[in-house]
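A quick write-up on the structure given underneath.
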């Protein structure tokens, strides 16, 4: 209300000052280059114009008010949502609720650094399963750990097959057979400096060079500390279940084609490599006791 009153006052005062200035000039001898009659006619015209402008300005202020642009934007968003069809409003509300739950869940897992992986098809046999507990180390590789947590929240690991298994080297996985889910995580993450060695039981991102880490990881089956000099930075370690890692089927070794996996997903893997071990599920746990 105060702002509106100030605006109206200015709209009336400024034209009035302008008018008085012209009256003063007339009284002092008229407008330069005209006689008194012409000056009087000019003054009458100016008077009409000034008051017309003042009336229009006052009307505009009353109509549009003094709300700031961000308050108007917020109001418009509310109005738009209010005018949506009921079925769309229900979907919108559901999305907002799910988003809030997701944020709460994301916040909750930031303090959790234990992930339980359940592997299936151990030894290449259907029904053979085992659990592996991986402890994340943000102090080793904070960027890598954040990506691992995001992938776990998104259930990315479910169904990921161990497509490269070398008995005296590594178990590599991290290409999801669901093509849409895999495409979602194509963005590279920055590198972490190497702060821990690639000893047996550590877990590290696979990469093709600097700045190429995405979703592929490998479990070190032996001491691969020589990888330290190549900037492979471990982000976690197996604290329970290393014997399960040793049972991941190695019969296909490096035969699966990564390009074909990226293009055809599980259709290619299930047809060509039926014995391949895979991650059945992965979830955060609060303590090592959660592993059976």
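Numbering (the numbering used here), first residue to last: 1 to 292.
We put the CB at the ideal spot given by N, CA and C, even for glycine.
For residue 280, which residues of its own chain have a beta-carbon under 6 Å away from its beta-carbon, when the five flanking residues on both sides are left out? On the chain shown, residue 280 is found 280 positions in, with the first residue counted as 1. Correct list, in chain order: 118 and 120.
Completely contained beta strand (DSSP E) runs for the segment 167 to 219, where each covers 3 or more residues: Restricted to the segment 167 to 219, the beta strand (DSSP E) segments that are unbroken, complete and at least 3 residues in length are 170 to 173 and 202 to 205, listed in chain order.
Quick one, are the C-beta atoms of residue 113 and residue 138 less than 8 Å apart? Counting from one through the chain shown, the residue named residue 113 turns up at place 113. Counting from one through the chain shown, the residue named residue 138 turns up at place 138. In contact: residue 113 and residue 138 (Cβ atoms closer than 8 Å).
Compute the Euclidean distance between the alpha carbons of residue 216 and residue 156, then round it to the nearest angstrom. Taking the first residue of the chain shown as position 1, residue 216 is located at position 216. Taking the first residue of the chain shown as position 1, residue 156 is located at position 156. Spanning the two alpha carbons is a distance of roughly 11 Å.
Determine the DSSP secondary structure at residue 262, reduced to helix, strand or coil. Here residue 262 refers to the residue found at position 262 when the chain shown is read from its first residue. Residue 262: helix per DSSP, three-state reduction.
In terms of alpha-carbon separation, which member of 218, 214 and 146 lies closest to residue 173? The residue labelled residue 173 in the question sits at position 173 within the chain shown. Ranking 218, 214 and 146 by Cα distance to residue 173 puts 218 first.
Hey, out of 243, 190, 245 and 179, whose CA is closest to residue 258's CA? Mapped onto the chain shown, residue 258 falls at position 258. Measuring from the Cα of residue 258, the nearest candidate turns out to be 179.
Environment of residue 271 [buried if 16+ CB atoms lie within 10 Å]: In the chain shown, the residue the question calls residue 271 occupies position 271. So residue 271 ends up on the exposed side.
Inter-residue spacing [alpha-carbon to alpha-carbon] between residue 246 and residue 282: Here residue 246 refers to the residue found at position 246 when the chain shown is read from its first residue. Here residue 282 refers to the residue found at position 282 when the chain shown is read from its first residue. Distance between the alpha carbons of residue 246 and residue 282: 18 Å.
Just to check, is the beta-carbon of residue 237 closer than 7 Å to a non-hydrogen atom of the ligand GTP? Judged by which ligands are present, the structure shown has none, so any question about the ligand GTP falls away.
If you drop the 5 nearest sequence neighbours on each side, which residues of the same chain put their C-beta closer than 6 Å to that of residue 164? For the purposes of this step, residue 164 is taken as the residue at position 164 of the chain shown. Here the set comprises 172 and 254.
So, with DSSP's three-state summary, where would you put residue 145? Here residue 145 is taken as the residue at index 145 of the chain shown, counted from 1. Residue state, collapsed to three classes: helix.
If you draw a straight line from the C-alpha of residue 187 to the C-alpha of residue 211, how long is it? Sequence index remark: in the chain shown, residue 187 carries index 187 (1-based). Sequence index remark: in the chain shown, residue 211 carries index 211 (1-based). If you take the alpha carbons of residue 187 and residue 211, they lie about 10 Å apart.
Residue 183: buried (16+ other C-beta within 10 angstroms of its C-beta) or exposed? In the chain shown, the residue the question calls residue 183 occupies position 183. Label assigned to residue 183: exposed.
If we count the other Cβ atoms within 10 Å of its Cβ and call it buried at 16 or more, is residue 277 buried or exposed? Taking the first residue of the chain shown as 1, we reach residue 277 at position 277. Here residue 277 is buried, its C-beta having at least 16 other C-beta atoms within 10 Å.
Let's see if you can read the secondary structure: which residues bound the alpha helix (DSSP H) around residue 243? For the purposes of this step, residue 243 is taken as the residue at position 243 of the chain shown. 242 to 245 is the span of the alpha helix (DSSP H), which, as asked, contains residue 243.
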